[in-house]
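In the numbering used here, the protein residues as written are 810 to 1013. The beta-carbon is built from N, C-alpha and C at its ideal position, and this holds for glycine as well. Here the structure is a predicted model, which means the values were calculated and not measured. Below is one structure, written out as structure tokens, with a few remarks after it.
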Ligand SMILES: N[C@@H](CCC(=O)N[C@@H](CS)C(=O)NCC(=O)O)C(=O)O
């Protein structure tokens, strides 16, 4: 097995789905969390000068999307055929669309505007996203399994992570029934459950 070193900050952010994927795979990795002072010292040497960045036997992989897909392909979380790979990609694309709202909340400085984005998330964007996810879930095993195929994939792990992280900035609406079941299945995956039990309290 290669040696993995994931570099990020002391936060969940763009790295947590990668940490969760390693956990689900039962794969150990070095979880390097830079302080801001440390980061500015190493930044010039990191490809694209941003985090997260993954080192695999010393080789750098930048970009969270590339890293999460790389890990998913390595550990069997990207579906077993072209149709399943594409279903994972559909969820990743829908997630990117939704996350634009969260990012706009995150980067907004004006408190009134922040509050407006939060309200829009709670009243419109989150219900729309959950309803989309519910309908996609129902296409596979009637919604009683996973987003893709018969086992956990990056799609399930990412959706769990998004709901977890978004819950710290907005009040989540109730999950529709199939999505609620999916979130429970991810949280109760034995390896993820073990990781979550140990996970220290991280900021977003
Ligand atoms: N498209 C990149 C964006 C990475 C990014 O924005 N990273 C931020 C943290 S979430 C960062 O490195 N900030 C510190 C800096 O730019 O110096 C990805 O998905 O990895």
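Can you name the residues that DSSP bridges to residue 843?
-> Walking along the chain shown from the start, residue 843 turns up at place 34. Looking at the DSSP assignment, residue 843 forms a beta bridge with 818.
Using only the heavy atoms of ligand 1, determine whether one of them is closer than 7 angstroms to the beta carbon of residue 864.
-> By one-based count along the chain shown, residue 864 stands at place 55. Residue side-chain check: residue 864 keeps its Cβ at 7 angstroms or more from all non-hydrogen atoms of ligand 1.
Is it a yes or a no for the segment 948-965 touching the segment 892-905, going by three-plus beta-carbon pairs under 8 angstroms?
-> These segments touch.
Around the C-beta of residue 874, are 16 or more other C-beta atoms found within 10 angstroms, so that it is buried, or is it exposed?
-> Translated into positions along the chain shown, residue 874 becomes position 65. Exposed, by the Cβ-count rule.
How about residue 958: is its Cβ closer than 7 angstroms to a heavy atom in ligand 1?
-> Numbered from its first residue, the chain shown carries residue 958 at position 149. Outside the cutoff, so no.
The segment 988-1008 touching the segment 950-957, judged by at least three CB pairs closer than 8 angstroms = These segments touch.
Limits of the unbroken beta strand (DSSP E) element including residue 871 | What you label residue 871 is simply residue 62 of the chain shown in a count that begins at 1. Boundaries of the beta strand (DSSP E) around residue 871: 868-871.
Would you say the segment 930-947 touches the segment 840-855, given that touching needs at least three Cβ pairs under 8 angstroms?
-> Judged by Cβ distances under 8 angstroms, the segment 930-947 makes no contact with the segment 840-855, as fewer than three pairs qualify.
Is it the case that the CB of residue 823 approaches a heavy atom of ligand 1 more closely than 7 angstroms?
-> For the purposes of this step, residue 823 is taken as the residue at position 14 of the chain shown. At least one heavy atom of ligand 1 is nearer than 7 angstroms to the Cβ of residue 823, so yes.
Pick out whichever of 812, 913, 835 and 822 has its Cα sitting closest to the Cα of residue 866.
-> Locating residue 866 in the chain shown gives position 57, counting from the first residue. Considering only 812, 913, 835 and 822, the residue with the shortest C-alpha distance to residue 866 is 812.
Which residues in the same chain as residue 921 place their Cβ atom closer than 7 angstroms to its Cβ, once the five residues preceding and following it in sequence are excluded?
-> On the chain shown, position 112 is the one that residue 921 refers to. There are no such residues.
Contact test: residue 941 Cβ vs ligand 1 heavy atom, cutoff 7 angstroms | Position 132 of the chain shown, counting from 1, holds the residue named residue 941. False, no ligand heavy atom lies under 7 angstroms from that Cβ.
Please confirm whether any heavy atom of ligand 1 lies closer than 7 angstroms to the CB of residue 860.
-> For the purposes of this step, residue 860 is taken as the residue at position 51 of the chain shown. True, at least one ligand heavy atom lies under 7 angstroms from that Cβ.
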